[in-house]
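Taking full-length UniProt numbering, the leading residue of the sequence shown gets 1, the next gets one more, and so forth.
A virtual CB, placed ideally from N, CA and C, is assigned to each residue, including glycine.
All values derive from a computational prediction rather than experimental measurement.
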Amino acid sequence: MTLHNTDRPTALFRWAKEHSLSVRWRPGNAWAIAEGQSADLATAFGVDIHDYLGRRGQQFYASPQQPSVPERLSGEVTEVGRILGYTPYRMSLPDLRNLPTDVPDQGLTPQGVLNTYNLANLAGQGFTGKGTTIVFFAFDGFAQADLDTFADTFDLPRFTPVVVGGQPSAPHGETTMDLQLAHAIAPDAQKVVVNARPTVQGDGAYEKIGKMLESADQQFPGAIWSFSIGWGCDKLITAADLAPVRSALATAHTHGTTAFDASGDLAGLECKGGQDWSSAPSEDDIGLDSVASLPEMTDVGGTTLSTDAHGGWLAEQAWFDVPLSQGTGGGVSAIFDRPEWQRNVSAPGADGAGRRLTPDVAAVADPFTGVKIVLNNQVLVGGGTSQSAPLWAAMAAVMNQYLIANGGRALGDLNPTLYKIASGAPLPAFRDVDLGGNAVATAAPGYDLVTGLGSPDVENLVKNILVLQKAHR
Numbered sequence: 001m002t003l004h005n006t007d008r009p010t011a012l013f014r015w016a017k018e019h020s021l022s023v024r025w026r027p028g029n030a031w032a033i034a035e036g037q038s039a040d041l042a043t044a045f046g047v048d049i050h051d052y053l054g055r056r057g058q059q060f061y062a063s064p065q066q067p068s069v070p071e072r073l074s075g076e077v078t079e080v081g082r083i084l085g086y087t088p089y090r091m092s093l094p095d096l097r098n099l100p101t102d103v104p105d106q107g108l109t110p111q112g113v114l115n116t117y118n119l120a121n122l123a124g125q126g127f128t129g130k131g132t133t134i135v136f137f138a139f140d141g142f143a144q145a146d147l148d149t150f151a152d153t154f155d156l157p158r159f160t161p162v163v164v165g166g167q168p169s170a171p172h173g174e175t176t177m178d179l180q181l182a183h184a185i186a187p188d189a190q191k192v193v194v195n196a197r198p199t200v201q202g203d204g205a206y207e208k209i210g211k212m213l214e215s216a217d218q219q220f221p222g223a224i225w226s227f228s229i230g231w232g233c234d235k236l237i238t239a240a241d242l243a244p245v246r247s248a249l250a251t252a253h254t255h256g257t258t259a260f261d262a263s264g265d266l267a268g269l270e271c272k273g274g275q276d277w278s279s280a281p282s283e284d285d286i287g288l289d290s291v292a293s294l295p296e297m298t299d300v301g302g303t304t305l306s307t308d309a310h311g312g313w314l315a316e317q318a319w320f321d322v323p324l325s326q327g328t329g330g331g332v333s334a335i336f337d338r339p340e341w342q343r344n345v346s347a348p349g350a351d352g353a354g355r356r357l358t359p360d361v362a363a364v365a366d367p368f369t370g371v372k373i374v375l376n377n378q379v380l381v382g383g384g385t386s387q388s389a390p391l392w393a394a395m396a397a398v399m400n401q402y403l404i405a406n407g408g409r410a411l412g413d414l415n416p417t418l419y420k421i422a423s424g425a426p427l428p429a430f431r432d433v434d435l436g437g438n439a440v441a442t443a444a445p446g447y448d449l450v451t452g453l454g455s456p457d458v459e460n461l462v463k464n465i466l467v468l469q470k471a472h473r
């Protein structure tokens, strides 16, 4: 539950004790967790709590009602989270095994992607992520042999990631792709893989995520964070549920961390969960990944990319593959108010005018136009917004190195800066994507709900950021 302020919630402790509940709260936090037996929670909040069996065999408890703030706690508590013991999770990776085999798989090389997003000149000057760290939060593992083959194939230095918490599981391609894409752009950045699978084992997922982020911040302060995974539809929870995650992100920002999350590959239907695509989508299917939609997260949408033979940028449009039921995520938050830095943008389909809009930016995601990777010792073309997010993370690592070398500072909380630059800057920093769409929204000139502000011209973007930083010292 969220609190009015960071003072000790004395009334909450007293109320909890009267109902045989306990409270977990740390000084300085504007949130707390009340816990106890199901029967005691049900009585305290005046709701029903039942045990359920999901379609995939998962067993969990939940309340069919949203708990409200008890009247006597209204002076301390602002919102109560859901009583829900199960968190659906995702990896934003298209099934590369099921792509048609009769379509040429050209794909971008690492040099090609440097050309596409105007990083080649920066790389030539030695801006390759040196002195930076990129942390990948992962649900699956990777094979070192694939990383070595990728590096050897594309004439890059070999690298061995730091692994925190052990390999999450057998490699399924997600983490392998994330690491290789980041290495293509920032070969000298340290790569770290954090096992995120414990966050979806049992209940209390969002508290576990918060603790995971706090630990990463302590071990690797100022690192770039990349998420190609998700923790469920935003309509299933409240802002109070996500308070531990927001708190950890905000603290990490103060240490220079920037966080990127994939918007998802369900074409704006994140609440459909990838199930029963034979039926037409309903209003209930439309939604966002809860963590990706956080205002503290830079949410990354996906595009279909056109380039010349050397990777030079020609055009982009929003990624949407109807036959494969895939496409860039994005839309209007069901949870969060519109941040101040986003109040001057509008978009077709943004009916929730007072709510957070996603995504913020975009990069290539279409597996037919993506970047080459190595998986199971085979060269493939990557795809999904899980390609877009690590690309942006690696770009941020390069930008951090450039900024610090030129008298600036690490990016930190990036979203306010992105929107300020989009509203007017000396150099054109974004390539506006105004074609295509997904299942619920269309691209349009300016900001839109499928590609955000557009894809980056990284050299122009970082030069604009440096000007902005020096002007506001």
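Buried/exposed call for residue i, threshold 16 Cβ in 10 Å
i	result
D289	buried
R26	exposed
G408	buried
S455	buried
V192	buried
G312	exposed
N115	buried
D146	buried
S169	exposed
S388	buried
V300	buried
V113	buried
Y117	buried
A280	exposed
V162	exposed
N344	exposed
Residue i - containing beta strand (DSSP E), residue span
i	result
K372	K372 to L375
F45	From DSSP, F45 is part of no beta strand (DSSP E) but of the alpha helix (DSSP H) over S38 to F45.
S22	S22 to R24
P335	The question names Pro, yet the displayed sequence has Ile at residue 335. Note, I335: beta strand (DSSP E), G331 to D337.
V300	T298 to T307
E35	I33 to E35
H50	H50 to L53
CB contact flag (residue i, residue j, <8 Å)
i	j	result
G330	D321	no
A184	F227	no
T385	A410	no
S234	A334	Just to set this straight, residue 234 is Asp in the shown sequence, not Ser. It is a contact, given that the beta carbons lie within the stated cut-off.
A318	V433	yes
D285	A347	no
T175	D140	yes
residue 483	L12	The shown model of the chain, from 1 to 473, leaves out residue 483, and the question about it has no answer.
A396	I209	no
M212	V194	yes
A394	A189	yes
P67	I83	yes
G85	Y61	yes
Nonlocal neighbours in the same chain, by C-beta distance under 8 Å from residue i, ignoring five residues either side
i	result
V462	L122, V398, M399, Y402 and L403
T149	V374 and N377
I465	M399, L403, G408, L411, T417 and I421
Inter-residue Cα distance where the pair is residue i and residue j
i	j	result
G165	Q218	15 Å
G436	A292	22 Å
S63	T254	36 Å
D102	A309	Bear in mind that the predicted position of D102 carries a pLDDT of just 47, short of 50, making it too unreliable to give a figure here.
L357	L73	31 Å
G302	S38	42 Å
A405	D413	19 Å
G28	S282	42 Å
T109	Q469	33 Å
G349	G264	18 Å
E76	L249	23 Å
G382	G107	8 Å
A42	E79	17 Å
T417	Q342	11 Å
G452	A429	13 Å
A216	T307	37 Å
D360	A315	19 Å
Residue i - containing alpha helix (DSSP H), residue span
i	result
E71	Note, E71: premise wrong, no alpha helix (DSSP H); not H, not E.
R356	It is not in any alpha helix (DSSP H) - R356 instead sits in the beta strand (DSSP E) that spans R355 to T358.
L380	Not the alpha helix (DSSP H): L380 falls in the beta strand (DSSP E), residues Q378 to V381.
V291	Note, V291: premise wrong, no alpha helix (DSSP H); not H, not E.
D146	Q144 to T153
V245	A243 to T254
Residues of its chain near residue i, where Cβ-Cβ distance is below 7 Å and the 5 sequence neighbours each way are ignored
i	result
L99	Per-residue confidence for L99 stands at a pLDDT of 47, beneath the threshold of 50, marking its modelled position as unreliable; the derived number appears in the next sentence. Within the same chain, L99 has close Cβ partners P367.
R246	L294 and E296
G81	M1, I237, T238, A240 and D241
6 Å Cβ shell around residue i - same chain, five flanking residues per side excluded
i	result
L30	According to the sequence shown, residue 30 is Ala rather than Leu. So the list reads L3 and T6, once near-sequence residues are dropped.
residue 476	Because the chain in this structure spans residues 1 to 473, residue 476 falls outside the shown range and cannot be described.
L391	L181 and A363
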